[in-house]
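Taking it in order: structure first as structure tokens, then the write-up.
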Amino acid sequence: IVTWNSLNQDGSGWGIYAQRYNADGTPWLPQAIGTAGDDAIDLNGNTTAVEYLGLAGNDTLKGGSGNDRLIGGAGMDTFVFAGNGNGIDTIVDFETGDLISVAGANFSSPVVAGDGSDTGQNQVQISSADGHTTLYIGTDASAGADVQVRVAGTLAVTDLRASGTYIGLNTTLMVANPIADQNATEDSAFTFTVPADAFAHALPLTLSAAKTNGDPLPAWLTFDGSSGTFTGTPTNGEVGNFAIRVTAIDSGNAIARDEFALTIANSNDAPTVANPIADQIAAENQPFALTVPMTTFADVDVGDTLALSATLANGAALPAWIGFDPATRTFSGIPARADATTLQVKVTAVDGTGAGTSDVFQLRVYANTYTPPNSYVLLIGDSTNNVLVGTPNNDLLDGLAGADDMSGGEGSDAYVVDNAGDLVTENPDEGTDGVRSAIAYTLPDNVENLTLTGSSNVNGIGNGADNVILGNAGANRLEGLGGNDSLDGGAGADVLIGGSGDDAYFVDNAADVVIESSAAGLDRVFSAVSIRLPANVENLTLIGSAPISAFGNELDNAITGNGASNVIDGDAGNDILQGGAGNDIYVIASAKHHQQAEIADASGTDEVRFASQLPQSTLTLYAGDTGIERVVIGTGTAAAAVTIATTA
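With full-length UniProt numbering applied, the sequence shown corresponds to residues 1 to 648, in that order.
Here it is, written out as structure tokens:
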């Protein structure tokens, strides 16, 4: 059709334009065409009339400010309008499953008949004429319609319903009342049921739930689709928030979805014991130090700081000889002979709210000398075979030459043995008794301590009790057998065999040999010379003041230096290395041997040396207060230029 049109009011000029029509007589419009999939078509405020074609799929079509024509095509489509839109758009194919979405609306009243001249807020009025229906939609308190939409076909009031921000056919499943956001608390049971009026529907529904990105719900949260109920108890790792999408499907396969946020609030978690403190051994007149590993306690609450304290397991204060510094997590002290006993020590970790936990470890204090009582009754024989019977007091019995029969009785008694025929008899619970022998000797029952005298190469053997066995100036073989024994060979090149129990070995000669069986208790070597821990011995303490070296073994070792500058290498296992005073060097020959090593050193200028050909791996070191001052690459070798004790 060609139409003449005046360009000037006085008729002096003329123009011509052509209007193009579709075959059905409707004006031809520029087209925005989707695909066979789910499309979202929005021309971002275009002011020209456009025809939107969604084609197949569940499409979302948003018209501009012109008088647009919207064709959703197959699928369940959503036609989007602004709260106060311009133009009057026409929906050509408004079908079951399709929705009109009006931004800013909150429909809660039925659709009514009317021409829109007095449309109330959040109200929908319709009128039908000429084969189409006009929807007058109010979104504010002012009179008149804020949005007008034309729908092809004649619809009655009863054909439509409006709920929330949506308008749909009565046969369309839709969100009626958006699900409110929810809150849960860590470690507390959470239950929430989707309200029965969340979806407007005419047919039975099946509900399902997932995260909005399509991922399943977290493992702690379950959803019962038959009842619409969420249940579960979130843990600390779930603290935060995420969005959940609830999908409703009716028996006609219509689908509606709504989303809500679930926020999990944090609650305080008490700390826990992650790695129990290993049992410890200390010795008379020797410095004892233990730094509680940083990995002992764990707290899942981010930012929590734990305060440590220490008592005996029964809550009583620690003995006077040992102190605990909470700032460095370190026990230290020097026990005397009178402190020889077994302690149960409790370390407590408390967070900022007062929630706490405790770990108890055993601290066995050994006496490494045997001293007869200060006050005793002296019973001395002669060159013949004597029978010496003690008093109820503390006795010292010496039969001199001859094969003597000695019985101390009650009290803590001391015996002198110099003849293989000497016989010592003690009954249970008759004090703490000891034998001083110049010949090879095996302790009888109920006698606890043995001291070899002289300089001959003689052997000393214990019994099933907790023994203190001391060698002489010769080369001795000392065997503890059962019990928790303390073995000190003295000056010679000695062989020390602990047997079962938690044993302590004192090494002062590079030729000393320590032999320990597998799974035979928790053992410790106290060494005044450089040494490599023998097999099956867990712990090593350097004593004295010489700058010596310590090497671990395949076990998880606790190695403590002395007051001098030490070289310490834990070798295999997850070790705790504590150099103490002095400028100490920690050797890391293989990171795979030290994946959880802990270096606790708060004094001196200390360094860690790594091997130059260290295999690729991750090594984590937990330093003390002042920690490690130097890290050197290329000098970490397992073999240091030192003389080490011989081990078997």
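The beta-carbon is built from N, C-alpha and C at its ideal position, and this holds for glycine as well.
Presumed contact (8 Å Cβ cut-off) between residue i and residue j, rounded CB distance
i, j, result
"residue 492", "residue 474", "5 Å"
"residue 103", "residue 165", "7 Å"
"residue 335", "residue 288", "7 Å"
"residue 471", "residue 494", "5 Å"
"residue 568", "residue 556", "The pair is not a contact, with the Cβ atoms about 15 Å apart (cut-off 8 Å)."
"residue 198", "residue 175", "7 Å"
"residue 532", "residue 506", "Contact flag wrong, Cβ pair sits at about 16 Å."
"residue 306", "residue 297", "6 Å"
"residue 87", "residue 66", "5 Å"
"residue 230", "residue 181", "Actually they are not in contact, since the Cβ atoms of residue 230 and residue 181 sit about 13 Å apart, beyond 8 Å."
"residue 278", "residue 295", "With a Cβ gap of about 12 Å, residue 278 and residue 295 do not count as contacting."
Selected residue, minimal CA-CA separation from residue i, among the options
i, options, result
"residue 244", "433, 64, 263, 508", "263"
"residue 159", "444, 183, 184, 124", "124"
"residue 118", "145, 276, 559", "145"
"residue 204", "254, 447, 432, 337", "254"
"residue 432", "408, 422, 416", "408"
"residue 423", "400, 429, 411, 430", "400"
"residue 90", "517, 103, 176, 71", "71"
"residue 337", "364, 311, 347, 330", "364"
"residue 209", "225, 486, 415, 240", "225"
"residue 179", "217, 138, 246", "246"
"residue 412", "419, 420, 404, 435", "435"
"residue 464", "140, 445, 452", "445"
"residue 452", "438, 442, 110, 486", "438"
"residue 156", "176, 113, 186, 177", "113"
"residue 56", "136, 404, 77", "77"
"residue 40", "469, 30, 80", "80"
"residue 428", "447, 110, 358, 171", "447"
"residue 115", "97, 96, 37, 149", "149"
"residue 359", "69, 310, 398, 394", "310"
"residue 488", "312, 43, 512", "512"
"residue 301", "248, 332, 313, 240", "240"
Nonlocal neighbours in the same chain, by C-beta distance under 8 Å from residue i, ignoring five residues either side
i, result
"residue 643", "Low per-residue confidence applies at residue 643: pLDDT is 32, beneath 50, and the placement is therefore not dependable, though the value from the model is reported in the following sentence. Cβ neighbours of residue 643 beyond the five flanking positions: 510, 529, 530."
"residue 641", "Only weak support is given to the placement of residue 641: the predicted model assigns it a pLDDT of 33, under 50, and the value that follows is read from those uncertain coordinates. Cβ within range, chain order: n/a, list empty."
"residue 582", "547, 561, 562, 563, 564, 565, 566, 603, 604"
"residue 521", "484, 498, 500, 501, 502, 503"
"residue 106", "122, 164, 165"
"residue 216", "210"
"residue 454", "438, 472, 473, 474"
7 Å CB neighbourhood of residue i in its chain, flanking five on each side removed
i, result
"residue 384", "402"
"residue 154", "128, 131, 133"
"residue 151", "91, 94, 132, 133, 135"
"residue 74", "56"
"residue 82", "103"
"residue 378", "396"
Beta bridge counterpart(s) of residue i as assigned by DSSP
i, result
"residue 94", "For residue 94, which the question treats as bridged, DSSP gives no partner whatsoever."
"residue 524", "504, 539"
"residue 265", "185"
"residue 479", "461, 497"
"residue 449", "434, 468"
"residue 406", "388, 424"
"residue 378", "396"
"residue 291", "330"
"residue 358", "348"
"residue 150", "90, 134"
"residue 650", "Outside the displayed span of the chain (1 to 648) sits residue 650, for which this structure offers no information."
Contacting residues, own chain, Cβ-Cβ under 6 Å from residue i (five flanking each side not counted)
i, result
"residue 497", "479, 515"
"residue 456", "474"
"residue 558", "539, 576"
"residue 430", "410"
"residue 316", "none"
"residue 228", "193, 194, 207"
"residue 418", "438"
"residue 486", "366, 368, 468, 504"
"residue 172", "96, 97"
"residue 139", "83, 104, 105, 146"
Any C-beta of chain B under 9 Å from that of residue i
i, result
"residue 332", "Absent from the structure is chain B; it holds one protein chain and no more."
Cβ-heavy atom distance, residue i to the ligand HEM, below 8 Å
i, result
"residue 362", "The ligand HEM is not part of the structure shown, which contains no ligands of any sort."
Is there contact here, the stretch 277-290 with the stretch 521-541, by at least three beta-carbon pairs under 8 Å?
-> Yes: at least three Cβ pairs fall under 8 Å.
Would the stretch 335-351 and the stretch 309-326 be scored as touching if the rule is three or more Cβ pairs under 8 Å?
Contact between the stretch 335-351 and the stretch 309-326 is present, because at least three Cβ pairs lie under 8 Å.
query = How do the stretch 56-65 and the stretch 128-141 stand: do at least 3 beta-carbon pairs fall below 8 Å, yes or no?
reply = With a cut-off of 8 Å, the stretch 128-141 and the stretch 56-65 do not count as touching, because too few Cβ pairs lie within range.
The stretch 227-242 / the stretch 265-281 touching (three or more Cβ pairs under 8 Å) = Three or more Cβ pairs closer than 8 Å define a contact, and the stretch 227-242 meets that threshold against the stretch 265-281.
Does the stretch 347-359 touch the stretch 380-394, meaning 3 or more C-beta pairs lie closer than 8 Å?
The stretch 380-394, when compared against the stretch 347-359, does not touch it at the 8 Å Cβ threshold.
**OP:** State whether the stretch 404-420 contacts the stretch 387-395, with contact taken as three or more CB pairs (one from each stretch) at a distance under 8 Å.
**Re:** In short, these stretches touch, since the Cβ pair count reaches three.
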